[in-house]
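Student: Heads up: the sequence shown at position 35 corresponds to 42 in the working numbering, and the numbers run straight through without jumps.
Beta carbons: idealized from backbone N, C-alpha and C, even for Gly.
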Amino acid sequence: MSFDAPSDLHLRGAGLRFGLVAARFNAELVDGLRVRARAVLVAAGVGEKDIVEVRVPGSHEVPWAAQQLAAAKRFDCVIALGVLIGGDTNHHEMVGESVSHALQQVALGTGVPVINGVIVTDTLAQARARCVGKIDRGAEFARAGLEMATLRRTFRRSPKS
(Lines of atoms letter the chains of each structure in order from A; the text may use other names.)
(Lines give C-alpha, C1' and ligand atoms only; values in the text may rest on other atoms or scores of the structure.)
Protein backbone atom coordinates (compact mmCIF):
# COMPACT_ATOMS: atom_id res chain seq x y z
CA MET A 8 0.00 0.00 0.00
CA SER A 9 1.32 3.40 -0.94
CA PHE A 10 1.90 6.11 1.61
CA ASP A 11 2.24 8.74 -1.14
CA ALA A 12 -1.18 10.39 -1.18
CA PRO A 13 -2.10 12.81 -3.96
CA SER A 14 -1.39 16.45 -3.25
CA ASP A 15 -4.17 18.47 -1.64
CA LEU A 16 -5.91 20.61 -4.26
CA HIS A 17 -7.55 22.89 -1.66
CA LEU A 18 -10.99 22.26 -3.09
CA ARG A 19 -14.01 24.12 -1.81
CA GLY A 20 -16.95 22.04 -0.73
CA ALA A 21 -19.61 24.71 -0.30
CA GLY A 22 -22.81 23.61 -1.99
CA LEU A 23 -21.68 20.00 -2.46
CA ARG A 24 -23.74 17.16 -1.00
CA PHE A 25 -22.23 13.90 0.25
CA GLY A 26 -23.64 10.54 1.19
CA LEU A 27 -21.51 8.74 3.77
CA VAL A 28 -22.07 5.01 4.24
CA ALA A 29 -20.31 3.40 7.20
CA ALA A 30 -20.25 -0.20 8.41
CA ARG A 31 -20.92 -0.87 12.10
CA PHE A 32 -18.63 -3.93 12.19
CA ASN A 33 -15.22 -2.89 13.58
CA ALA A 34 -17.04 0.22 14.80
CA GLU A 35 -14.14 1.92 16.59
CA LEU A 36 -12.00 1.78 13.46
CA VAL A 37 -14.77 2.73 11.03
CA ASP A 38 -15.74 5.61 13.31
CA GLY A 39 -12.14 6.83 13.11
CA LEU A 40 -12.45 6.94 9.32
CA ARG A 41 -15.91 8.52 9.50
CA VAL A 42 -14.97 11.27 11.97
CA ARG A 43 -11.82 12.19 10.06
CA ALA A 44 -13.59 12.17 6.68
CA ARG A 45 -16.42 14.30 7.98
CA ALA A 46 -13.99 16.80 9.54
CA VAL A 47 -12.22 17.30 6.20
CA LEU A 48 -15.52 17.78 4.37
CA VAL A 49 -16.74 20.36 6.89
CA ALA A 50 -13.36 22.15 6.91
CA ALA A 51 -13.64 22.42 3.11
CA GLY A 52 -16.99 24.17 3.47
CA VAL A 53 -19.47 21.32 3.09
CA GLY A 54 -22.46 22.09 5.30
CA GLU A 55 -23.31 19.68 8.12
CA LYS A 56 -26.80 19.32 6.63
CA ASP A 57 -25.22 18.42 3.29
CA ILE A 58 -23.62 15.26 4.70
CA VAL A 59 -26.10 12.40 5.07
CA GLU A 60 -24.82 9.39 7.01
CA VAL A 61 -26.16 5.86 6.72
CA ARG A 62 -24.96 2.99 8.91
CA VAL A 63 -25.08 -0.65 7.80
CA PRO A 64 -24.18 -3.88 9.63
CA GLY A 65 -20.91 -4.65 7.83
CA SER A 66 -18.74 -3.88 4.83
CA HIS A 67 -20.60 -6.35 2.63
CA GLU A 68 -23.77 -4.25 3.02
CA VAL A 69 -22.03 -0.97 2.15
CA PRO A 70 -22.50 -1.22 -1.65
CA TRP A 71 -26.27 -1.66 -1.35
CA ALA A 72 -26.61 1.48 0.77
CA ALA A 73 -24.23 3.36 -1.54
CA GLN A 74 -26.44 2.32 -4.46
CA GLN A 75 -29.55 3.67 -2.72
CA LEU A 76 -27.89 7.03 -2.02
CA ALA A 77 -26.39 7.36 -5.50
CA ALA A 78 -29.65 6.37 -7.22
CA ALA A 79 -31.49 9.11 -5.31
CA LYS A 80 -29.50 11.65 -7.40
CA ARG A 81 -29.30 14.00 -4.39
CA PHE A 82 -25.57 13.62 -3.83
CA ASP A 83 -22.47 14.77 -5.67
CA CYS A 84 -20.46 11.90 -4.23
CA VAL A 85 -20.86 8.90 -1.93
CA ILE A 86 -18.05 7.88 0.43
CA ALA A 87 -18.17 4.23 1.50
CA LEU A 88 -16.38 3.26 4.73
CA GLY A 89 -15.62 -0.10 6.29
CA VAL A 90 -12.79 -2.15 7.78
CA LEU A 91 -11.98 -5.77 7.00
CA ILE A 92 -9.23 -7.45 9.04
CA GLY A 93 -7.65 -10.80 8.25
CA GLY A 94 -8.16 -13.83 10.43
CA ASP A 95 -7.57 -17.55 10.00
CA THR A 96 -9.13 -17.56 6.52
CA ASN A 97 -9.06 -15.28 3.50
CA HIS A 98 -12.69 -14.22 4.00
CA HIS A 99 -11.65 -10.57 4.43
CA GLU A 100 -9.98 -10.62 1.00
CA MET A 101 -13.03 -12.15 -0.68
CA VAL A 102 -15.39 -9.61 0.89
CA GLY A 103 -13.00 -6.74 0.11
CA GLU A 104 -12.77 -7.70 -3.54
CA SER A 105 -16.53 -8.15 -3.83
CA VAL A 106 -17.20 -4.79 -2.18
CA SER A 107 -14.65 -3.03 -4.37
CA HIS A 108 -16.22 -4.35 -7.58
CA ALA A 109 -19.74 -3.55 -6.37
CA LEU A 110 -18.85 0.03 -5.42
CA GLN A 111 -17.29 0.61 -8.83
CA GLN A 112 -20.45 -0.71 -10.49
CA VAL A 113 -22.55 1.69 -8.41
CA ALA A 114 -20.44 4.62 -9.58
CA LEU A 115 -20.48 3.58 -13.22
CA GLY A 116 -24.16 2.69 -13.19
CA THR A 117 -25.41 5.88 -11.53
CA GLY A 118 -22.88 8.44 -12.69
CA VAL A 119 -22.28 9.43 -9.07
CA PRO A 120 -18.68 9.05 -7.88
CA VAL A 121 -18.27 6.49 -5.10
CA ILE A 122 -15.10 6.60 -3.02
CA ASN A 123 -14.02 3.14 -1.89
CA GLY A 124 -13.03 3.73 1.72
CA VAL A 125 -13.21 0.09 2.74
CA ILE A 126 -9.87 -0.76 4.34
CA VAL A 127 -8.63 -4.35 3.96
CA THR A 128 -5.69 -5.32 6.20
CA ASP A 129 -3.99 -8.45 7.42
CA THR A 130 -3.67 -7.28 11.03
CA LEU A 131 -5.43 -5.14 13.60
CA ALA A 132 -2.28 -3.02 13.93
CA GLN A 133 -2.39 -2.18 10.22
CA ALA A 134 -6.06 -1.25 10.50
CA ARG A 135 -5.47 0.96 13.55
CA ALA A 136 -2.63 2.79 11.80
CA ARG A 137 -4.91 3.62 8.87
CA CYS A 138 -8.10 4.42 10.75
CA VAL A 139 -7.10 6.05 14.03
CA GLY A 140 -3.33 6.38 13.69
CA LYS A 141 -0.84 8.37 11.66
CA ILE A 142 -1.96 7.11 8.24
CA ASP A 143 -5.09 9.23 7.88
CA ARG A 144 -7.08 7.34 5.28
CA GLY A 145 -10.37 8.95 6.38
CA ALA A 146 -9.03 12.37 5.40
CA GLU A 147 -7.70 10.96 2.12
CA PHE A 148 -11.10 9.51 1.27
CA ALA A 149 -12.77 12.86 1.95
CA ARG A 150 -10.25 14.74 -0.21
CA ALA A 151 -10.82 12.25 -3.03
CA GLY A 152 -14.56 12.76 -2.57
CA LEU A 153 -14.21 16.54 -2.78
CA GLU A 154 -12.18 16.25 -5.96
CA MET A 155 -14.58 13.82 -7.62
CA ALA A 156 -17.69 15.76 -6.56
CA THR A 157 -16.18 18.92 -8.01
CA LEU A 158 -15.27 17.10 -11.21
CA ARG A 159 -18.80 15.70 -11.48
CA ARG A 160 -20.25 19.20 -11.14
CA THR A 161 -17.84 20.43 -13.83
CA PHE A 162 -18.92 17.69 -16.22
CA ARG A 163 -22.59 18.36 -15.54
CA ARG A 164 -22.16 22.08 -16.35
CA SER A 165 -20.16 21.45 -19.54
CA PRO A 166 -22.11 21.96 -22.75
CA LYS A 167 -22.85 18.73 -24.54
CA SER A 168 -21.48 18.49 -28.08
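Using C-beta distances below 7 Å, list every residue in its chain close to GLU55, excluding the 5 sequence neighbours before and after it, in chain order.
Tutor: Working through the sequence shown from its first residue, we reach residue 55 at position 48. The residues are VAL49.
Student: In the DSSP assignment, what residue or residues form a beta bridge with ALA30?
Tutor: Within the sequence shown, residue 30 is the residue found at index 23, counting from 1. BP columns for ALA30 point to VAL63.
Student: ARG164 to ALA79, Cα distance in whole Å?
Tutor: Here the question's residue 164 lines up with position 157 in the sequence shown. Here the question's residue 79 lines up with position 72 in the sequence shown. Spanning the two alpha carbons is a distance of roughly 19 Å.
Student: Between which two residues does the beta strand (DSSP E) harbouring VAL121 extend?
Tutor: Against the sequence shown, residue 121 aligns to sequence position 114. Element bounds for VAL121: 121-128.
Student: Along the chain, where does the alpha helix (DSSP H) that runs through VAL102 open and close?
Tutor: Here the question's residue 102 lines up with position 95 in the sequence shown. VAL102 -> alpha helix (DSSP H) spans 98-117.
Student: Consult DSSP for LEU18 and reduce its assignment to one of helix, strand or coil.
Tutor: In the sequence shown, the residue the question calls residue 18 occupies position 11. Of the three classes helix, strand and coil, the one that applies to LEU18 here is coil, per DSSP.
Student: Starting from GLY89, follow its DSSP beta bridges and name the residues at the other end.
Tutor: As a first step, residue 89 is located in the sequence shown; it is residue number 82 there, counting from the start. Note: GLY89 sits in a beta bridge opposite VAL125.
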